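In case it helps, our numbering puts the sequence shown at residues 7 to 159.
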Amino acid sequence: MAKSLFVYGVLGVLLVPVECDMISVCVEDDEDLRVDCRIQPKLSQINSYEFSWSSGSKESLINTNRSGSAAEMQFRDHSYVEELEPHGYRLTLTGFTHTLPYNTTYMCKISRVVASVCIEREHLLPCSAVSVFLKSSCSWMVCALLFFCRPHS
């Protein structure tokens, strides 16, 4: 009993600072590129978003709803953004999976908060629940909880 309380106490302390990835990138079954941006917006600001990528020193704006900004022509008819629950946005980009640069930094900005991730083309995972979970920084915490929360005989 004391051992269980100690383990749960340690896990509780470890859970407080854990934060999952704010941005994830994967390839859907139909070869579309999907970028999920889970930045929690600030309550006092209008929700604005920007999705972009960079390779080398060139940054390209893919999609935005910010006034005064516009996506590059090559992306305008090939991308769309939908809102995620409870917060965040999902970019879907069609027709670019096979022409991606080797090493790409994907960026999203919601209400002036920026998240980014750098991924090599060969390491893009399919958008299955298992692969997205394993890529998440929270997966080790869930595994630890499942291991320690098993029923005792």
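Just so you know, even glycine gets a beta-carbon here, dropped at the ideal spot from N, CA and C. All values reported here derive from a predicted model rather than from experimental measurement.
Asked, Found
"Between the CA atoms of G62 and C43 - distance to the nearest angstrom", "22 Å"
"Span of the beta strand (DSSP E) around R82", "Careful: R82 lies outside any beta strand (DSSP E), inside the alpha helix (DSSP H) at 79-82."
"According to DSSP, residues forming a beta bridge with N69", "F57"
"Limits of the beta strand (DSSP E) - the one that L39 falls within", "39-43"
"From I29, I116, K64, residue whose alpha carbon lies closest to that of L49", "I116"
"DSSP-derived helix/strand/coil call for T105", "helix"
"Identity of the residues DSSP links to M113 by a beta bridge", "S58, S122"
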